[in-house]
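Participant: Order-wise, the sequence lines are chains S and D. Going by my numbering, the first residue of the first sequence is number 1, and it counts up by one from there. Going by my numbering, the first residue of the second sequence is number 1001, and it counts up by one from there. Just so it is clear, CB atoms sit at the ideal spot from N, CA and C, and this is done for glycine as well.
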Amino acid sequence: MDALRIRDDFPILRRTVHGKPLIYLDSAATSQKPEVVIDAESDFYRLHNAAAHRGSHALAEEATACYEGARQRIADFVGAPAFELVFTRSATDSINLIAHGFLAATDHARQGRSADRRFVLNPGDSIVITEMEHHANLVPWQELCAKTGATLRWVSVDPSGRLRTEELDELVDASTRLVSWTHASNVLGHVVDPRPFVQAAAKSGAVTILDACQSIPHMPVTLPSLGVDFAVWSAHKMLGPTGIGFLWGRSELLNALPAVDTGGSMIGKVTMQGSTYLDAPARFEPGVPPMAQAVAAAAAVEYLSSVGMSEVFAHVSALASDAAQRLHAIDGVSVLGSPEDAPAIGVSFTVDGIHPHDVGQLLDADGIAVRVGHHCAWPLMQALGVPATVRASFSVYSTADEVAALVDSVMRCQEFFRLRTAGNGSSRTTGQVTSQVTSQVTGTVAT
Amino acid sequence: MYQDTILDYYAHPVGKGLSDSFDVEVHHINTSCGDEITLRATMADGAIESVTWDGVGCSISMASMSIVAEMATGKPAQHFTAALTEFTTLMDGQGAMNADEQLLGEAVAFVGVAKFPARVKCALLGWKALEDAVNQMNGGSHE
């Protein structure tokens, strides 16, 4: 895999930030887009735009073919049949769709209507997640528990950042209706083995959900072989467009989940007295769908496939472990995560005495984009005992030179703070004396 | 952005360490980045008598809190309120010195922060915490 050649495909990588070449190390937040994805989206509007699944004119047929062709292409990418792939607004939306399905089934059961008992929650039932989850795989379950009387349980994280999966034995019991966990940590950057979760959930027949937002963009994943019931991820983290996410589900379970959002194109027959609904995926896709986004997402999948997902993983994980080693070697820098969990998609770190926001600001002055903060995983921050971290994350276009630039910039950042906040009690003058030196390393922020 | 005054107050905080005696305690969080400040204050005869605080956050939020604590202590609450208005104007100024430097005192050092919209809320955290405390003390919602 030739990252330098790949970079030519990403127009944004040609721009500068604060007069420096952009070094984009925030791909776990959102990836950049290759020209073919940008073209696919605009070509849909230029050439084929019409409302899919409606009308019989030529453009309507083309739009339908584009949209359903995209579904087939993306389903192929994860080894699933197209009828098991639902287009949503985002991965967050996908999780909420399932959560709201549980709530609807629970309401139906309480009203004496028919409901699939796998989705019915009663007080005393439990939902099991982990302390490592993104807020998107935590807050919807807190809400669902509050509304149904179910209890939220979680696999804890030890201070080193290791998931205590051995707790699953006790956490998952006959009361457990749902187990949901991440396939790769958006903070620590390592891949989580789904097997202990799948095995534990099997004991009680609990529904399982895999948050694959950080795995599918970077590694080969065949969803039906993992033993999970549902998986969620989004297009924008895998070189695709914003505004579209994915929900994969085992067909039988997907069709047992109540429809939550209703309206046009998800119905079977409608009368003033009532309506019937289609099977998945149409069942969960009311309204004119995000056709241009689906087509662009399929182009992203095509692009990744042409690189090869094993190649992508080898490239990204090599950069992550290189970054982890080089950052770890800097005195005063701590790389987060358990030594047992090799960083695969990115690396989180802290710098002694310098808040991550200040690190991020100084890196930005060097043209380096990293994520700083709690990464929408506040409970994980608490478990690790840090208020926030700096995260550098990688994609196909990231290079070893960029890792080297990151390491250099972090060291300059330490030097800047060491000189400017020297704890001698008279640093107000010290700062002025050293400002000439520091202005060289801080560029635009020193003003 | 990182003027000497800011880094100075970051390295040598003022009012840090919560006092046991206080009229009101407030807790403010920067939800997007997780910065937190707990602030305790006392007021007598319309003047802010003491401001103590504890918190975690970046140099901008921590230095700003120190400067506010130093500036407000021993002065009429109206002085703080007027300075807050000026500081808010400064933070809206996108880097222009558009506010009363006299009233702002050391807080003029934050002028560069206003060029970075994502950091404005860091600079405002301590000010908003003290504003909340002063409002509560004026409103008598404490015992």
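1. Please list, in chain order, all residues of the same chain as P356(S) whose beta carbon is under 6 Å from its beta carbon, the five residues on each side excluded.
2. Using DSSP with H/G/I as helix, E/B as strand and the rest coil, what is M1041(D)?
3. Consider the Cβ of G1126(D): report whether some Cβ of chain S lies at a distance smaller than 8 Å.
4. Taking just the CA atoms, how far does H236(S) sit from A104(S)?
5. Sort out for me which residues DSSP pairs S334(S) with in a bridge.
6. Exposed or buried, what is K1075(D) when buried is set at 16 or more other beta-carbons lying within 10 Å of its beta-carbon?
7. To which residues of the same chain is D341(S) closer than 6 Å at the C-beta, ignoring the five residues directly before and after it?
8. Does the Cβ of A383(S) lie closer than 7 Å to at least one heavy atom of the ligand COA?
9. State yes or no: is the beta carbon of V1056(D) nearer than 8 Å to at least one beta carbon in chain S?
10. Going by DSSP in three states, P343(S) sits in which element: helix, strand or coil?
11. If contact is defined by three or more beta carbon pairs under 8 Å, each pair taking one atom from either stretch, is the segment 1103–1123 of chain D in contact with the segment 1011–1029 of chain D?
12. Show which residues of chain S have a CB atom less than 7 Å away from the CB atom of S1059(D).
13. With F87(S) and P289(S) assumed to form a contact (beta carbons below 8 Å), what rounded beta-carbon distance in angstroms separates them?
14. Taking 8 Å as the CB-CB limit, is S1066(D) close to chain S?
15. Note down the Cα distance separating F284(S) from S251(S), rounded to an integer number of angstroms.
16. For E1101(D), count neighbouring Cβ atoms within 10 angstroms of its own Cβ and tell me buried if that reaches 16, exposed if not.
17. Can you tell me which of the three DSSP states F230(S) falls into?
18. Within the same chain, show all residues whose beta-carbon is closer than 6 Å to that of G1015(D), passing over the 5 residues directly before and after it, in chain order.
19. So, under 8 Å CB-CB, A1077(D) and I1048(D) are touching, yes? Tell me the CB distance rounded to an integer number of Å.
20. Tell me which residues of the segment 392–422 of chain S have at least one Cβ-Cβ distance to chain D shorter than 8 Å, keeping chain order.
21. Below 7 Å CB to CB, which residues in the same chain sit around P217(S) once its five sequence neighbours on both sides are set aside?
22. Does the contact criterion of 3 or more C-beta pairs under 8 Å hold for the segment 2–10 of chain S versus the segment 252–270 of chain S?
23. If we cut at 8 Å on Cβ distances, does G373(S) have a partner in chain D?
24. Counting pairs of beta carbons, one from the segment 1077–1092 of chain D and one from the segment 1104–1118 of chain D, are three or more of them closer than 8 Å?
25. Note down, in chain order, every chain D residue with its Cβ under 7 Å from the Cβ of W378(S).
26. Just verifying my parser: in three-state terms, what is the DSSP assignment at I244(S)?
27. In chain D, which residues lie less than 8 Å from A29(S) when you measure between Cβ atoms?
28. For the alpha helix (DSSP H) that contains T182(S), what are its first and last residues?
29. Determine, using beta carbons only, whether Q142(S) comes closer than 8 Å to chain D.
30. Listed in chain order, which residues of the segment 1002–1017 of chain D have Cβ atoms closer than 8 Å to some Cβ of chain S?
31. Under the three-state reduction of DSSP, which class applies to G1017(D): helix, strand or coil?
32. Based on Cα-Cα distance, which residue from L210(S), S215(S), L178(S), S185(S) lies nearest to A201(S)?
33. If I follow the unbroken beta strand (DSSP E) through H1028(D), where does it start and stop?
34. Can you tell me whether G1049(D) is helix, strand or coil according to DSSP?
35. Return the CA-CA distance between A299(S) and V78(S), expressed in angstroms with no decimal places.
36. Verify whether the separation of the beta carbon atoms of V172(S) and R164(S) is less than 8 Å.
Facilitator: If we stick to the structure as given:
1. Cβ neighbours of P356(S) beyond the five flanking positions: V372, A388, T389, V390.
2. According to the sequence provided, residue 1041(D) is Ala. The question's Met does not apply to it. In this structure, A1041(D) counts as strand in the three-state DSSP scheme.
3. no
4. 29 Å
5. T350(S)
6. exposed
7. H190
8. As presented, the structure is devoid of all ligands, the ligand COA included, so that no description of it is given.
9. yes
10. strand
11. no
12. H355, D358
13. Right, the Cβ-Cβ distance comes to about 6 Å (below 8 Å), so this counts as a contact.
14. no
15. 13 Å
16. exposed
17. strand
18. V1051, T1052, W1053, A1069
19. The Cβ separation is near 6 Å, so the contact holds.
20. F416, F417, R420, T421, A422
21. S31, K237, M238
22. no
23. yes
24. yes
25. G1034
26. coil
27. By Cβ distance, chain D contributes nothing, its closest Cβ being about 13 Å from A29(S), past 8 Å.
28. Taken as a continuous stretch (DSSP letters only), T182(S) belongs to no alpha helix (DSSP H), being part of the beta strand (DSSP E) at 176–182.
29. no
30. Answer set for the segment 1002–1017 of chain D: Y1002, D1004, T1005, L1007, D1008, Y1010, A1011, H1012.
31. coil
32. L178(S)
33. From DSSP, the beta strand (DSSP E) with H1028(D) extends over 1024–1029.
34. Position check: residue 1049(D) holds Glu in this sequence, whereas Gly was assumed. Collapsing the DSSP output to three states places E1049(D) in a strand.
35. 15 Å
36. Contact flag unset, no.
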